[in-house]
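Peer 1:
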Amino acid sequence: MKKVRVRFAPSPTGPLHIGGVRTALFNYLFARQHGGDMLLRIEDTDSARFVAGAEEYIVESLNWLGIAIDEGVGAKSQGKHAPYRQSERKAIYRKYVDQLLQAGLAYIAFDTPAELDGKRVEIANFQYDASTRGLMSNSLTLASENVNSRIRNGEQYVVRIKIEPNQEITVHDLIRGEVLVNSSVIDDKVLFKSSDELPTYHLANVVDDYLMEISHVIRGEEWLPSAPLHVLLYQYLGWMDVMPQFAHLPLLLKPDGNGKLSKRDGDRLGFPVFPMNWKDPKTGETSFGYREAGYFPEAMVNFLALLGWNSGTELEIFSMQELIDQFSLDRVSKSGAKFDYEKGKWFNHQYLQSKSNQEIATIFQKILLEKEINADATKLIKIVSLVKERANFVNELWAQSSFFFQQPTEYDAKTIQKRWKPETPVQLTELIDVLFDINNFSAENTETIVKEWITAKDYNLGGVMNAFRLSLVGEPKGPHIFDIIEVLGKEDTIKRLRKAIEIIG
RNA sequence: GGUCCAUUCGUCUAUCGGUUAGGACGCCAGGUUUUCAUCCUGGAAAGAGGGGUUCGACUCCCCUAUGGACUACCA
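Numbering of the first sequence is given in this note's numbering, commencing with residue 25 and proceeding in unit increments.
#1: Can you tell me where the alpha helix (DSSP H) with I238 in it begins and where it stops?
#2: Can you grab the Cα-Cα spacing for the pair G332 / L159, in whole Å?
#3: At which residue ranges does the segment 139–220 contain complete alpha helix (DSSP H) runs of 4 or more residues, listed in the order of the chain?
#4: Assuming L273 is part of the beta strand (DSSP E), what are its boundary residues?
#5: Compute the beta-carbon to beta-carbon distance between G38 and A78, rounded to the nearest angstrom, for a pair I have assumed lies under 8 Å.
#6: Looking at V214: is its Cβ nearer than 8 Å to the Cβ of Y234?
#7: Let me make sure I understand the geometry here. Which of F74, W422, D70, V83 has the alpha-carbon closest to that of D304?
#8: Report the partner residues of G313 according to the DSSP bridge assignment.
#9: Candidates H272, K186, W88, V97: which alpha carbon is nearest E300's?
#10: Opposite L64 in the DSSP bridges: which residues?
#11: Going by C-alpha distance, which of P503, K445, L222, L166 is nearest I116?
#12: If you measure between the beta carbons of Q451 and Y483, is that distance less than 8 Å?
#13: Taking the alpha carbon of I397 as the point to measure from, which residue in Q430, K369, N372 has its own alpha carbon closest?
#14: Where do the N-terminal and C-terminal ends of the beta strand (DSSP E) with I91 fall, by residue?
#15: With a threshold of 7 Å, establish whether the CB of I407 neighbours any heavy atom of the ligand NAD.
#16: Could you tell me how far apart the beta carbons of A99 and V183 are, in whole angstroms, since I believe they sit closer than 8 Å?
#17: Give me, in chain order, the residues of the same chain whose beta-carbon lies closer than 6 Å to that of V97; leave out the 5 immediate sequence neighbours on both sides.
#18: Exposed or buried, A148, counting other C-beta atoms within 10 Å across all chains shown (16 or more means buried)?
#19: Kindly give me the distance between the Cβ atoms of K278 and D289, rounded to whole angstroms, as I take these residues to be in contact under 8 Å.
#20: Please determine, among M489, F351, R520, V408, the residue with the shortest C-alpha to C-alpha distance to E434.
#21: Between the segment 228–244 and the segment 26–41, do three or more beta carbon pairs fall short of 8 Å?
#22: What residues in its chain sit with their C-beta under 6 Å from that of F150, if we drop five residues either side in the sequence?
#23: Would you give the residue range spanned by the alpha helix (DSSP H) that I132 belongs to?
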């Protein structure tokens, strides 16, 4: 059996979309599972749409997510089929264009974009194919001398594939089964343009997959309609025996409504659709990314893997290695998946809980430093352990724990109304004395002593505790009170009680 | 308009002819808790419609409907 070799072949026209990330991931999982190679090829045959920095963005994104490239752009060593940017492979394609031309399977066409537009207006549902090519300016209708002189005179032309009408073309798709298409519905696609001496996607893609010995083409469903054309190209080029197998992945859809997930949906609904932040070099506009939103790459990978694939078990948490072991194209679903951002948060929550407090504290520390808070490492780990289960992201930790670092400056009015009774100041003043006499300020010890005091005085437990909490936190939230004061320490705790009594009165 | 693909709870999905149609996210309720959150337990919630095939269809076939993708000298 042929060695498994797959490729992820994005176009550097902007930041990598989250759907593209999933395509890359599925390719990677498939390659790894079969001990094969994962290639990254840059499809930059459209010189007009090139965007600076896009390629670097793609490589960095895959790198962040742990999708390793074995060969091609972004790989440690280039590999034997270099170069892997189509713009750098110009010289290679010409040969195959000539081969098709000589075999009479393609032809030269001079029709200008304006002329084509004219035809589209003139003829409803105009398609450049067997039924219309006789009406156009091409090497099929023009005398060969005419064609040659036009080319000699520098006139721009394209090479089109000459599709034989009424042929049944079968695409064997690993996910969808057999897809049958009649060749009459496919137009004579442009394979090559003289303007920049580059092939179009269709030809470049087939030639490169052939030369790079690709065994499986795993790509988005938007390519399914052009798959028959690609099969035809393999036929015309005489490569049917080594044609890769195809698998067309279902699309990622908008969370609401219908249609393919787009950047606009993210802006509109407030979630990222890109793996990392991206600053558009032309407009200067910044798009938000998952990395900067605080997602762990493992959570992202897990989340994406389950959009369109499932293990067949009821498990949902998978490490990259587990995904590699269990992935199967058989279990990829056929229909598009609406993007559920809420579920993504849940995945990150799961991964956050599974991380060590030490690891989370390290990340959290950076956030604190930005706020010019320099927290003691041991204390920070303790704080993380107290609040991490309440958060989905590390960057939510601040909202859950800011009171550990800053004394409250104001107190929630509703809570004052509900919890601050006339007897409260007296009780809290007594509490200060009780706490002052405690030397071992462990949560366990303070809890025992404070509760004994409350019982002895016959105070209402909730009454004292809620006011105590308000004094420490400023709001009716947070972990167990005695855990809080253990971190705060005696001095700070008493200070906060005094301040609350003074301010609230 | 044409071609192709798809269609199970709101969402992601399991089911490969016989199940009380399962799980997860979200939602609701209850419990735990001195608060909020977490957590635990429970609940509501689905086979687009119509024909076949079959002893029996969510599952196989056909039609309809709906949705999507594609339809460029873009990828």
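We put the beta carbon where it would ideally sit given N, CA and C, even for glycine.
Peer 2: In this structure, then:
#1: It is not in any alpha helix (DSSP H) - I238 carries neither H nor E in the DSSP assignment.
#2: 45 Å
#3: 168–176
#4: 269–273
#5: 6 Å
#6: no
#7: F74
#8: F298
#9: Residue identity check: residue 300 is Met in the sequence provided, not Glu. Among H272, K186, W88, V97, the Cα nearest to that of M300 belongs to W88.
#10: F32, G96
#11: L222
#12: yes
#13: Q430
#14: No beta strand (DSSP E) contains I91, which DSSP labels as neither H nor E.
#15: The ligand NAD is not part of the structure shown, which contains no ligands of any sort.
#16: Rounded, the Cβ-Cβ distance is 32 Å, inconsistent with contact.
#17: L64, I66, Y108
#18: exposed
#19: 5 Å
#20: R520
#21: yes
#22: K143, R144
#23: Element bounds for I132: not the alpha helix (DSSP H) but the beta strand (DSSP E), 130–133.
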